[in-house]
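Just below is one structure, and these are the notes that go with it.
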Amino acid sequence: MQKVPFGNLGFDVSRFGIGTMRLPTIKHQDGTLSIDQEKAIAMIRRGIDGGVNYVDTAYGYHQGESEVVTGLALQDGYREKTLLTTKLPCWLVKEKADMDKLLDEQLEKLGTPYVDFYLLHSLSLDSYHRMKELDYPEFFERAIKDGRIRHAGFSFHDDKDAFLEIIDDYPWDMAQIQFNYLDDQTQATVDGLLYAGKKGIPVVIMEPLRGGALGFPPEEILEMMQNNHRKYSPAEWAFRYTAHYQQATTILSGVNTMEQLEENLRIFNHITPGNLDKDDLRFIAKVKETYLSRIAIGCTKCNYCMPCPQGVNIPRIFEIYNDSYRFDSPHYLKHQYQFVVRAESEGARCVRCGQCESVCPQQLPIMDTLETIEEMVKQP
């Protein structure tokens, strides 16, 4: 397994890191899911035996079970072989004392006296400003001094301007961003990745396969890859693109089968920074263009239809709809639509007043499309 220096922190890290957000699960009779502990522990340990020394978890993964199982997997000497990361659930921090309470709870679940990296989880600019008001730097300084954490970082979901403001505002030891060949111009963007590199801040990549979707492309894109002279799998193309950037220090993959893990170990045993030539990069650009041309409805997110009098988040619903079509994945639509429902902005709230269609520059059939999407997400 290839290892590279983790910034200027004085140690090397595997370019492949194990993410524990999508561990194998068992479905119970009441319909609930829990982690298949035997399989998950075997996978994590196999990864470490294969040279992986970076494991990433978080408070909320698998409804809080991920940290427990990760801790069990790192018993029997595996903790000493591993750089362990978990994250502070900022949305649960209501007052400053909550930071200590949550960290202590997480250390107990993980069965370890310290974590190597502790991240402010899923920062947007708004949540960052709130954590700043609660004086997160003082918490980090104290937790590092008393030995509960060794390094401070953040994971990020917002736009490039927000990323640049956050990364310039504190002496971070690392940053974690979403990055893949479809998202290289969204969220932190490739510019943000390169900027972190110039500052000497190591970057850990999440979602290199965009939740697994890039590993299972629609037929037309799969055919493009099969006809390419490089006989890489869809997953390998995605990993190779992300790993092409030397600033992408460690690349996380949330494997849920031993077969996926073995494939990832094989791929990362020989991927190096700068592994793609000009023809490869042109091919990936063509694949990206093909993905982006696959749309179910021509919404440009101009927001002329907003605000909806009933609170329906029309642009977000159409974005999810287009992504599900782009990846040929009804499961993606159903999964992502849950977040719209939780925010009480689902299409079922539409009363067909027609206000949105009267102002839509694209003259889209918004009301009928919302109804179609509602029918799709209700299908078994």
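Counting with the working numbering, you get residues 2 to 381 for the letters of the sequence shown.
Yeah, the Cβ is synthetic: ideal placement off N, Cα and C, and Gly gets one too.
Cβ-Cβ distance between residue i and residue j below 8 Å
| i | j | result |
| --- | --- | --- |
| Phe155 | Ile145 | no |
| Thr71 | Leu111 | yes |
| Gly65 | Val205 | no |
| Glu68 | Thr87 | yes |
| Pro362 | Cys303 | yes |
| Leu277 | Tyr242 | yes |
| Lys161 | Gly193 | yes |
Neighbourhood of residue i by C-beta, 8 Å cutoff - its chain only, sequence neighbours within 5 removed
| i | result |
| --- | --- |
| Met259 | Lys40, Ala43, Met44 and Arg47 |
| Leu210 | Asn181, Gly216, Ala236, Ala239, Phe240 and Ser254 |
| Lys4 | Asp13, Val14, Ser15, Arg16, Gly52 and Asn54 |
| Tyr338 | Ile318, Ile321, Glu347, Ile374 and Val378 |
| Asp105 | Arg149 |
Backbone CA spacing between residue i and residue j [nearest angstrom]
| i | j | result |
| --- | --- | --- |
| Tyr196 | Phe118 | 21 Å |
| Cys357 | Asn323 | 19 Å |
| Ala163 | Leu126 | 5 Å |
| Gln107 | Glu264 | 31 Å |
| Asn9 | Thr250 | 12 Å |
| Asp147 | Thr113 | 14 Å |
| Thr273 | Ser123 | 28 Å |
| Cys309 | Tyr326 | 24 Å |
| Leu165 | Glu96 | 26 Å |
| Ile267 | Leu121 | In the sequence on display, residue 267 carries Arg and not Ile. Rounded to whole angstroms, Arg267 to Leu121 spans 32 Å at the Cα level. |
| Ala1 | Ile321 | As shown, the chain starts at 2 and ends at 381. That puts residue 1 outside it, with no answer to give. |
| Glu134 | Tyr333 | 36 Å |
| Val360 | Met307 | 9 Å |
| Ala286 | Asp174 | 32 Å |
| Arg16 | Glu290 | 27 Å |
| Phe269 | Met2 | 7 Å |
| Ile252 | Leu223 | 23 Å |
| Arg23 | Cys300 | 31 Å |
| Pro218 | Arg143 | 46 Å |
| Arg355 | Phe328 | Here residue 355 turns out to be Gly, not Arg, going by the sequence shown. Between Gly355 and Phe328, the C-alpha separation is close to 30 Å. |
| Tyr98 | Asp136 | It should be pointed out that residue 98 corresponds to Ala in this sequence rather than to Tyr. If you take the alpha carbons of Ala98 and Asp136, they lie about 11 Å apart. |
| Gln188 | Ile178 | 8 Å |
| Tyr246 | Gln30 | 45 Å |
| Gln364 | Tyr305 | 11 Å |
| Glu109 | His130 | 28 Å |
| Arg231 | Gln248 | 24 Å |
| Lys199 | Pro381 | 49 Å |
Reduced DSSP category for residue i - H, G, I as helix; E, B as strand; rest coil
| i | result |
| --- | --- |
| Thr251 | strand |
| Ser359 | helix |
| Gly18 | strand |
| Met175 | strand |
| His152 | strand |
| Leu10 | coil |
| Phe157 | strand |
| His271 | coil |
| His122 | strand |
| Ile296 | coil |
| Met44 | helix |
| Tyr55 | strand |
Closest residue to residue i among the options (Cα-Cα distance)
| i | options | result |
| --- | --- | --- |
| Gly78 | Ser67, Ile49 and Asp101 | Ile49 |
| Tyr292 | Ser330, Asp280 and Cys309 | Ser330 |
| Ala344 | Val313, Pro362, Arg267 and Asp280 | Val313 |
| Val288 | Thr251, Tyr182 and Ser254 | Tyr182 |
| Pro203 | Gly65, Arg350 and His152 | His152 |
| His63 | Ile27, Asp31, Gln76 and Gln186 | Ile27 |
| Ala74 | Thr21, Gly255 and Phe141 | Thr21 |
| Arg283 | Pro218, Ile315, Met225 and Glu221 | Met225 |
| Gly213 | Gly193, Asn228, Leu262 and Gln188 | Leu262 |
| Glu372 | Gln337, Phe319 and Thr58 | Phe319 |
| Glu208 | Arg353, Val256, Ile296 and Ile150 | Val256 |
| Ser294 | Val94, Asp31 and Glu221 | Glu221 |
| Tyr60 | Leu89, Met368, Gly32 and Gln248 | Leu89 |
Cβ shell of residue i (< 7 Å), same chain only, five flanking positions each side left out
| i | result |
| --- | --- |
| Tyr171 | Pro138 |
| Pro6 | Asp13 |
| Asp185 | Val191 |
| Ala176 | Gly154, Phe155, Phe157, Ile168, Ala197, Ile202 and Val204 |
| Arg80 | Thr113 |
| Gln311 | Arg350, Cys351 and Val352 |
Other residues of its chain near residue i: CB distance less than 6 Å, five sequence neighbours each side excluded
| i | result |
| --- | --- |
| Leu85 | Val56, Val116 and Asp117 |
| Ser128 | Cys91 |
| Ala349 | Glu375 |
| Glu347 | Val341 |
| Phe140 | Met100 |
| Thr370 | Ile298 |
Any non-hydrogen atom of the ligand NAP within 7 Å of residue i CB
| i | result |
| --- | --- |
| Asp280 | No copy of the ligand NAP appears in this structure; indeed no ligand is present at all. |
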